[in-house]
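Asks: If you want the working numbering, it's the position in the sequence shown, counting the first as 1, plus 38. C-beta atoms are modelled at their ideal positions from N, C-alpha and C, and glycine is treated no differently. Because the structure is a prediction, the values reported are computed rather than measured.
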Amino acid sequence: MSPAQQLLEYIDNSPSPWHAVESTVTLLQANGFKALSEKELWQLNAGEGYYTIRDQSSIIAFITGSTAPSESGYRIIGAHTDSPGLRIKPNPEQKRGAYLRLGVEVYGGPILATFADRDLSLAGRVSVKTGSGVQAFESRLLRIDESIVRLPNLAIHLNREVNKSGLKFNAQDELPLIFSQPGPHDINFKGLVAERLQVTENDILAWELAAYDTQPGAFFGLEQAFITNSQLDNLASCHAALLALTKRLNQSNAATQVIAFFDHEEVGSCSAKGADGSFLNDVLNRIGTTLDESVQGHHQAIAHSYMLSADMAHAWHPNFSNKHEPAHQPIINNGPVIKINTNQRYTTDAHTEALFVSICEDEKVPYQKFINRSDLACGSTIGPMSAARTGIRSLDVGNPMWAMHSIRESAGAVDHDYMIRAMSGFLRC
């Protein structure tokens, strides 16, 4: 199975950040990685693989190096598990005429128009009561496979300007999802959740549920050159990093190799499990203090380290060529993109850029460079905040893609293999 096909299956199995971590754990365990709890004492051996999870939707995995971190540092690849979209409200049911709708809250910055007329369903986690104590509850993953909600478009006869003015939704009044048409056997939303989890309605305490597209990922184009799916931004980066790390498990490396996947990037990363939180620093400190008794060892390790912030990049779009900087036009299937911004929206500098170029040349992987048009605002990644929090030299890269933040994104089939090879080279550098 090609790396691109593996990616599509990984995404299809990961309709929410919580499911993405579950999919990641499945692959880690299949490759011999061992679970660590932040609540317990860690014991680590050189050359072995481990992972730890924070609040179900952020995960850090690593392979300990053959030398102490104070001697060789860390090679870290960072990415994020979340994607922009629609989240179900705590009290979602809204009866409007003959229909029952589910109220939603916009998460991050999705292209809302792309959610219309799609076969949507729901996935995420639910807190379920397990007893009578204050903390007698547990979190369970929920995925409803069949399409149960929809955002139907208004007929063009009632919205004559839609093709000139664009499809727009009022987030409060026009985004609620059609759920049911009440009849003799009324079904309420909480009852449906309880039924799928095989508990009672009274057992349901809370949920974090996202709308997702039930259509699986696919190849398209002549010779199947392209791939399309939801959440390519940024599960494609997660999957590439995951494959790069797992194939390094039985290969000796002086530096400790780390992949860190964070939730909440699309809403700013400022949370206990986001990249602007303490998770990465906490894990690096624990690795360092477990493997190295030197008082200054952590600071030495940081000075020896590099971080690669991996998030998808804007491919040149032939239908909108005026939106791109003329001398920096990343092409799909032409290799990873080095992302550069002098105002530090990306962390790449001359030193880390040269490092990645050298890695790509050594791996025989093509590479490209990207900067935004000077008259357009630049987006950002987990890179700047992670670099600022840890003090680790960093760069930003990503594979080129179209329709970023659409519910149906597109990218190149061969680029995924290029990124895996480049990341593998980075981990062993």
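According to DSSP, simplified to helix, strand and coil, what is ASN267?
Replies: Strand.
Asks: What does the alpha-carbon distance come out to for the pair GLU239 and VAL166?
Replies: 9 Å
Asks: Give the single residue among GLU109, VAL452, SER307 whose Cα lies nearest to the Cα of LEU329.
Replies: GLU109
Asks: So, for ASP155: in the same chain, excluding its five sequence neighbours on each side, which residues have a beta-carbon less than 8 Å away from its beta-carbon?
Replies: ARG188, LEU189, PRO190, ASN191
Asks: LEU287 and ILE458: beta carbons closer than 7 Å?
Replies: Between LEU287 and ILE458, the C-beta gap is not smaller than 7 Å, which leaves the two residues out of contact.
Asks: Rounded to whole angstroms, what's the CA-CA distance from ASP434 to GLU86? Just pull it up for me.
Replies: 27 Å
Asks: Would you identify the three-state DSSP class for ILE397, choosing helix, strand or coil?
Replies: It is helical.
Asks: Contact criterion: CB-CB distance below 7 Å. Does VAL59 meet it with respect to chain D?
Replies: The chain inventory of the structure shown lacks chain D, comprising one protein chain alone.
Asks: Taking only the alpha-carbon atoms, compute the straight-line gap between LEU273 and ALA58 and give it to the nearest angstrom.
Replies: Between LEU273 and ALA58, the C-alpha separation is close to 8 Å.
Asks: Looking only at its chain, what residues have a beta carbon closer than 7 Å to the beta carbon of SER424, apart from the 5 residues adjacent to it on each side?
Replies: GLY116, ALA313, LEU318, MET345, SER347, SER432.
Asks: Within the same chain, show all residues whose beta-carbon is closer than 7 Å to that of GLY70, passing over the 5 residues directly before and after it, in chain order.
Replies: GLY87, LEU287
Asks: If I measure Cβ to Cβ from GLU176 and keep anything under 7 Å in the same chain, skipping five residues before and after, which residues do I get?
Replies: VAL166, THR168
Asks: Taking C-alpha atoms, which residue in LEU205, LEU140, GLY146 lies nearest to ILE225?
Replies: LEU140
Asks: Suppose you measure from the CA of ALA248 to the CA of VAL333; what does that come to, to the nearest Å?
Replies: 45 Å
Asks: Apart from the five residues on each side of it in sequence, which residues of its chain come closer than 8 Å, Cβ to Cβ, to GLU304?
Replies: HIS118, ASP120, SER121, PRO122, TYR145, GLY146, GLY147
Asks: Which whole-angstrom value is the C-beta distance of ALA351 and GLY436, which I expect to be below 8 Å?
Replies: That pair is a contact at about 4 Å.
Asks: Is the region 59 to 69 close to the region 264 to 280, with three or more CB pairs under 8 Å?
Replies: In short, these stretches touch, since the Cβ pair count reaches three.
Asks: Do PRO374 and ALA449 have their beta-carbon atoms positioned less than 7 Å apart in this structure?
Replies: no
Asks: Which of the three DSSP states, helix, strand or coil, is assigned to GLN289?
Replies: Of the three classes helix, strand and coil, the one that applies to GLN289 here is coil, per DSSP.
Asks: Roughly how many whole angstroms lie between the Cα atoms of HIS389 and PHE257?
Replies: 37 Å
Asks: Below 8 Å on the Cβ atoms is my guess for SER96 versus ASP301; work out the distance and round it to an integer in Å.
Replies: 5 Å
Asks: So GLU391 and ILE376 are in contact, right, with Cβ under 8 Å, and what is the actual spacing, rounded?
Replies: 6 Å
Asks: So which of GLY135, GLU143, ALA136 has the shortest CA-CA distance to ASN129?
Replies: GLU143
Asks: Please list, in chain order, all residues of the same chain as GLY468 whose beta carbon is under 6 Å from its beta carbon, the five residues on each side excluded.
Replies: Any property of residue 468 remains undetermined from this structure, which presents the chain solely from 39 to 467.
Asks: Find the nearest neighbour of PRO214 within the set LYS127, HIS195, LEU179, judged by alpha-carbon distance.
Replies: LYS127
Asks: Over the uninterrupted alpha helix (DSSP H) stretch that includes ARG459, give me the two end residues.
Replies: 453 to 466
Asks: Look at the alpha carbon of ALA151 and the alpha carbon of ASN197, and state the distance between them as a whole number of angstroms.
Replies: 14 Å
Asks: Which residues in the same chain as ALA232 place their Cβ atom closer than 8 Å to its Cβ, once the five residues preceding and following it in sequence are excluded?
Replies: THR238, GLU239, ASP241, ILE242
Asks: Bridge partners of GLN295, per DSSP?
Replies: ILE101, ARG113
Asks: According to DSSP, PRO438 sits in a beta bridge with which residue or residues?
Replies: ALA351
Asks: Evaluate MET439 with the Cβ neighbour count: other Cβ atoms within 10 Å of its Cβ, from every protein chain shown; 16 or more gives buried, anything less gives exposed.
Replies: Classification for MET439: buried.
Asks: Contact defined as beta carbons within less than 8 Å: I believe THR90 pairs with SER159. What is the distance between those atoms, to the nearest angstrom?
Replies: That belief does not hold up - the Cβ atoms of THR90 and SER159 are roughly 30 Å apart, past 8 Å.
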